[in-house]
DNA sequence: CTTGACCTTCCTATCATGGGAAGCCTTATC
DNA sequence: GATAAGGCTTCCCATGATAGGAAGGTCAAG
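Residue numbers (this note's numbering), protein chains in the order written: chain D, 1372 to 1500; chain C, 1372 to 1500.
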């Protein structure tokens, strides 16, 4: 399987497959005589794992740990759970921050009549009242 | 006022002040004979505006528009409001996505006993069941 | 044997920010 | 007046994950 087919089969773009290989997230692919990367079912499975983890917002560093745990038969599920919950915490912190921004802005915007007059509490707030 | 003092007064780092100038977000600062940037109250006010807008998560492109509206006495508050609400929409879309990630992960983690055994529904999900 | 679709590597860009080096300027101290 | 400390300048590099593109090699079908 060439990289394009592996990309289709895994949902990871060829560009990203090469990138993941270059940073050591996934092992170097075998090559054909012409230098083309070769992928089998196993490699596609790894790529799918990576894609699912990315879809859940895991940073690449965390995916590296997840992959290591995945292939470690003696793993402790506690380690996986901790990784997951750390990520949940990070997500929720960002969510809280963004929610605060959205709330503030929505509040200001509600007080803005939004017509052709220049007076605007949003700008007033940004300029420090 | 040198750039360091302007940074302290505005809460924008000297590094970022130079960057904002280089991309044209703020006008080029006046210079002393030795080439040092000079800032006055007006410039600090602009920097504070930028910092508040950044704190609310506005991307630089939006801040550029906000600054233009701020200095436009004939502005329509509707334009400001639209900018703000567009940003709120962007924030809330990201929040929704991240909330979905966090919910999924928390759900999976709840089903993970998190002890020294290897069985883990999180890895099971990532590997495609 | 040509054409088109694929592959390779390498460079560039994004967005906002920080770190650091090399060299000049200013201010205070001796 | 010399020197040291600290601030300023520009320029380069790095982040994280992704995309775009150029130049050139390869494969398969016609």
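For every residue, glycine included, the Cβ atom is placed at its ideal position computed from N, Cα and C.
This one's a predicted model, so the numbers in the text were calculated from it and none came from an experiment.
The stretch 1389-1435 of chain C contains, as complete alpha helix (DSSP H) runs of 4+ residues, the segments 1412-1426 (chain order).
Rounded to the nearest whole angstrom, the C-alpha separation of residue 1496 of chain D and residue 1419 of chain D is 47 Å. At least one CB of chain C lies nearer than 9 Å to the CB of residue 1449 of chain D. The beta carbons of residue 1425 of chain C and residue 1499 of chain D sit no closer together than 9 Å.
When the beta-carbon positions are compared, residue 1470 of chain C and residue 1397 of chain D stay at least 9 Å from each other.
Proximity of residue 1489 of chain C to chain D, defined by a Cβ-Cβ separation below 9 Å, is satisfied. In summary, residue 1386 of chain D is exposed, with fewer than 16 beta-carbon neighbours lying within 10 Å of its beta-carbon over all protein chains present.
A distance below 9 Å separates the beta carbons of residue 1451 of chain C and residue 1440 of chain C. DSSP, reduced to helix, strand and coil, places residue 1492 of chain C within a helical segment of the structure shown. Where residue 1444 of chain C is concerned, there is no enclosing alpha helix (DSSP H), because DSSP gives it neither an H nor an E. In this structure, the beta-carbon distance from residue 1377 of chain C to residue 1402 of chain C does not fall below 9 Å. Per DSSP, the unbroken alpha helix (DSSP H) holding residue 1381 of chain D starts and ends at 1374-1381. Just so you know, the alpha carbons of residue 1481 of chain C and residue 1492 of chain C end up roughly 9 Å apart. Pairing residue 1473 of chain D with residue 1454 of chain D gives a Cβ-Cβ distance that is not under 9 Å.
Residue burial is scored here from C-beta neighbours: residue 1399 of chain D has fewer than 16 other C-beta atoms within 10 angstroms and is therefore classed as exposed. Listed along the chain, the chain D residues whose CB falls inside 7 Å of the CB of residue 1477 of chain C are 1459. Residue contact check for residue 1379 of chain C against chain D: no CB pair falls below 9 Å.
By the C-beta density criterion, residue 1381 of chain C is buried, having at least 16 other C-beta atoms within 10 angstroms. Taking a 10 Å sphere around the C-beta of residue 1458 of chain D, we find 16 or more other C-beta atoms and assign the residue as buried.
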